[in-house]
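Worksheet: the structure to be examined is printed underneath.
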Amino acid sequence: MELGNIRANKKKVTKRRVGRGMGSGLGKTSGRGHKGQKARSGGGVRRGFEGGQTPLYRRLPKRGFKNIHALNFTEVTLTMLNKSKSKEVTAETLIAEGIISKANDGIVILATGKLDKKLTVKRSKIYKGC
141 MELGNIRANK KKVTKRRVGR GMGSGLGKTS GRGHKGQKAR SGGGVRRGFE
191 GGQTPLYRRL PKRGFKNIHA LNFTEVTLTM LNKSKSKEVT AETLIAEGII
241 SKANDGIVIL ATGKLDKKLT VKRSKIYKGC
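Taking this note's numbering, I'd label the letters of the sequence shown as residues 141 to 270.
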């Protein structure tokens, strides 16, 4: 054993025994004080309760809506597809060629620009555009 390896003993915390006489310091009201909501059995207030004042979560404005089921597609234009060297276009081939970095929930092809060659597109959405 060396001085650098010595550790303090773990502190022993004894269980608090309430309601066991006045001499214990936790007798009579068992550390709950006199009367009131917090002194009652099962008493207390819910999280965020501010004593009847309108709580903070109701005072703050709530704007917008985030759809947890919405799908996030990566947009690919026809001009980007012209750079592709393969005849069959999938999300995997576009990532491999470095045209897109990730596919998210799939790819969507936007009809912006011109397509100069014949391609086969698999597993993607296609929008005509505005």
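By construction, the Cβ of each residue, glycine as well, lies at the ideal position given by its N, Cα and C atoms. From a predicted model like this one, the values you see are computed outputs, not experimental measurements.
Check: Between which two residues does the alpha helix (DSSP H) harbouring E232 extend?; Outcome: A231 to A236
Check: Would a C-beta distance cut-off of 9 Å place A179 and T169 closer than the cut-off?; Outcome: yes
Check: DSSP three-state label for A251, please.; Outcome: coil
Check: Give the DSSP bridge partners of Q193, in chain order.; Outcome: E190
Check: Closer than 7 Å by C-beta to K115: which residues in its own chain qualify, once you throw out the five before and the five after it? Chain order, please.; Outcome: Shown here, the chain extends from 141 to 270; a query on residue 115 therefore has no answer.
Check: Got a sec, what are the start and stop residues for the alpha helix (DSSP H) T169 sits in?; Outcome: Premise fails: T169 is in no alpha helix (DSSP H) and is neither H nor E.
Check: Looking only at its own chain, which residues have a Cβ that is under 7 Å from the Cβ of N244, when we skip the five neighbours before and after it?; Outcome: N212, F213 and T214
Check: From the DSSP output, in three-state form, read off N207 for me.; Outcome: coil
Check: Over what stretch of residues does the alpha helix (DSSP H) that includes T154 continue unbroken?; Outcome: Looking at the DSSP string, T154 is not in any alpha helix (DSSP H), and its letter there is neither H nor E.
Check: Below 9 Å between beta carbons: does that hold for R263 and A231?; Outcome: yes
Check: Give me the Cβ distance between S218 and V229, rounded to the nearest whole Å; I'm assuming they're in contact under 8 Å.; Outcome: First, the amino acid is wrong: residue 218 is Leu here, not Ser. Actually they do not touch by this definition, with Cβ atoms about 11 Å apart.
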